[in-house]
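Chemist: Counting in my numbering, the sequence shown runs from 6 upward without gaps. I am attaching a structure below and will ask some questions about it afterwards.
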Amino acid sequence: MILSDKRILEEIDKGTIIIEPFKRECLGTNSYDVHLGKYLATYKSRVLDAKAHNEIEHFEIPKDGYILHPGTLYLGVTLEYTETHAHVPFLEGKSSTGRLGIDIHATAGKGDVGFCNTWTLEISVAQPVKIYAGMPIGQLIYFAVEGNIETMYNTKGNAKYNNKTTRPVESMMWKNKF
Ligand SMILES: Nc1ccn([C@H]2C[C@H](O)[C@@H](COP(=O)(O)OP(=O)(O)OP(=O)(O)O)O2)c(=O)n1
């Protein structure tokens, strides 16, 4: 079940959902609109290695915007810092960003119960498009969990993306044993 606007507000009152900054007008019928933070990043190497720590370079989106091009993976970040302690948060795109040919995640839209951070966006575009810091970029939806949770994301030994940051975070696949 997806939480309604009223339920999201109740959970925020209880502290089980935190969205910072929170603006009432960003709350939709059953979702919350999130915005593009000012930092983007790209990988230093053109060829990535799933076993290696692929380093990224961060840069700021200029005030008058930045043009994204097809063929490059851009890592972005939400302006909003979120905590979700009792539900499963999902990051989804918006129809308005989709209609501009902007994808905001490459396969990974699910969050974990206990995830406490800004969200890294895996951005790719269908054609050149200028983007701006602060523009609406996606929406969070929240699912109720069935059953008790044994291991919260924030206490899991291998939770890789819970270190608080305002910048996009590169793949930590290299920490997986395979
Ligand atoms: N586009 C996305 C998708 C997810 N997340 C965050 C929320 C998740 O709680 C966390 C971890 O996501 P996954 O479980 O999909 O990632 P991994 O399985 O690779 O990492 P881990 O081993 O830490 O679970 O990353 C994010 O910042 N940006």
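Every residue gets a Cβ at the ideal spot worked out from N, C-alpha and C, and that includes glycine.
In terms of alpha-carbon separation, which member of I61, S36, V52 lies closest to L96?
Modeler: S36
Chemist: Can A164 be considered in contact with ligand 1, in the sense that its beta carbon sits closer than 7 angstroms to one or more heavy atoms?
Modeler: For ligand 1, at least one heavy atom lies less than 7 angstroms from the Cβ of A164.
Chemist: Confirm the yes/no value for this check: CB of G114, any heavy atom of ligand 1, distance under 7 angstroms.
Modeler: yes
Chemist: Quick check: the Cα distance between S129 and D38, rounded to an integer number of angstroms?
Modeler: 19 angstroms
Chemist: At 3 residues or longer, what runs of the beta strand (DSSP E) sit wholly inside the segment 110-176?
Modeler: 121-130, 134-136, 141-149
Chemist: So, with DSSP's three-state summary, where would you put T47?
Modeler: strand
Chemist: For ligand 1, is there a heavy atom less than 7 angstroms away from the beta-carbon of W124?
Modeler: yes
Chemist: Could you check if L96 belongs to the surroundings of ligand 1, using beta carbon to heavy atom distance under 7 angstroms?
Modeler: yes
Chemist: Below 7 angstroms, is the gap between the Cβ of H110 and the nearest heavy atom of ligand 1?
Modeler: yes
Chemist: Please classify D70 as buried or exposed, where buried requires at least 16 neighbouring CB atoms within 10 angstroms.
Modeler: Note on residue identity: the sequence assigns Gly, not Asp, to residue 70. That one is exposed.
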